[in-house]
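Colleague: Below you will find the structure I want to go over with you.
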């Protein structure tokens with residue numbers, strides 16, 4: 008199971024989940040099983056995206072991988088899981104994200120220790136940008152913060 012959850016729950020972002028495939032619904036039972044010991048019986052799961060939304064390309068935010076200047080992290084996929092004892096807000100890391108970046112996002116989102124030398128890497132800088140954007144978004148109830156640029160891959164939704 009590729010999930011990391013903070014020791015103390017209740018922050019605007021409690022961790023991250025990195026599914027193995029784009030078929031999240033098939034992997035959800037395993038996530039529910041993994042979180043039930045901490046959250047209790049899962050009674051609700053809500054997300055801030057629809058099936059029509061494009062998945063963010065987090066590796067494109069890394070200028071060393073993309074060859075382009077760094078750009079804002081944009082809209083992230085968030086999942087609120089409510090259990091009978093506790094709730095957790097998770098950032099959903101797209102399955103196609105590189106291993107190094109995804110692992111760093113899992114650790115950063117869950118507020119796990121990161122060695123000083125690792126903080127000098129581009130993966131850490133990118134993960135920090137992604138997690139900051141996700142925290143800002145989560146603080147607004149999953150909505151897109153007004154100071155971030157929208158994900159160019161996401162379709163425009165008329166008002």
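In the working numbering, the protein residues as written are 8 to 166. From the three backbone atoms N, C-alpha and C, an ideal C-beta is built for every residue, glycine too.
Given a cut-off of 8 Å on the beta-carbon distance, is the pair residue 134 and residue 108 in contact?
Modeller: Sequence index remark: in the chain shown, residue 134 carries index 127 (1-based). Sequence index remark: in the chain shown, residue 108 carries index 101 (1-based). Yes, the pair counts as a contact, with Cβ atoms nearer than the cut-off.
Colleague: What runs of the beta strand (DSSP E), each 3 residues or longer, lie entirely inside the region 12–76?
Modeller: 22–24 and 49–54
Colleague: Tell me whether the region 27–39 and the region 138–145 touch, counting them as touching only if at least three CB pairs, one residue from each stretch, are closer than 8 Å.
Modeller: Judged by Cβ distances under 8 Å, the region 27–39 makes no contact with the region 138–145, as fewer than three pairs qualify.
Colleague: Our contact map puts residue 93 next to residue 22 with C-beta atoms below 8 Å; I'd like the distance itself, whole angstroms only.
Modeller: Counted from its first residue, the chain shown places residue 93 at position 86. Counted from its first residue, the chain shown places residue 22 at position 15. With a contact defined as Cβ atoms closer than 8 Å, residue 93 and residue 22 miss out at about 12 Å.
Colleague: Straight-line CA distance for residue 54 to residue 17?
Modeller: Locating residue 54 in the chain shown gives position 47, where the first residue counts as 1. Locating residue 17 in the chain shown gives position 10, where the first residue counts as 1. Rounded to whole angstroms, residue 54 to residue 17 spans 17 Å at the Cα level.
Colleague: Taking the alpha-carbon positions, what's the residue 47 to residue 91 distance?
Modeller: As a position in the chain shown, residue 47 is number 40, starting the count at 1. As a position in the chain shown, residue 91 is number 84, starting the count at 1. Those two C-alpha atoms are separated by around 5 Å.
Colleague: For the candidate residues 84, 51, 15 and 67, whose alpha-carbon lies nearest to that of residue 58?
Modeller: What you label residue 58 is simply residue 51 of the chain shown in a count that begins at 1. Minimum Cα distance to residue 58 is reached at 84.
Colleague: Quick check on DSSP: helix, strand or coil for residue 104?
Modeller: Translated into the one-based positions of the chain shown, residue 104 becomes position 97. DSSP places residue 104 in coil when its eight states are reduced to three.
Colleague: How should residue 44 be labelled, buried or exposed, when 16 other C-beta atoms within 10 angstroms of its C-beta is the threshold for buried?
Modeller: On the chain shown, residue 44 is found 37 positions in, with the first residue counted as 1. Residue 44 is exposed by the Cβ-count criterion.
Colleague: For residue 143, which of helix, strand or coil comes out of DSSP?
Modeller: As a first step, residue 143 is located in the chain shown; it is residue number 136 there, counting from the start. The answer is helix: DSSP assigns residue 143 an H, G or I state.
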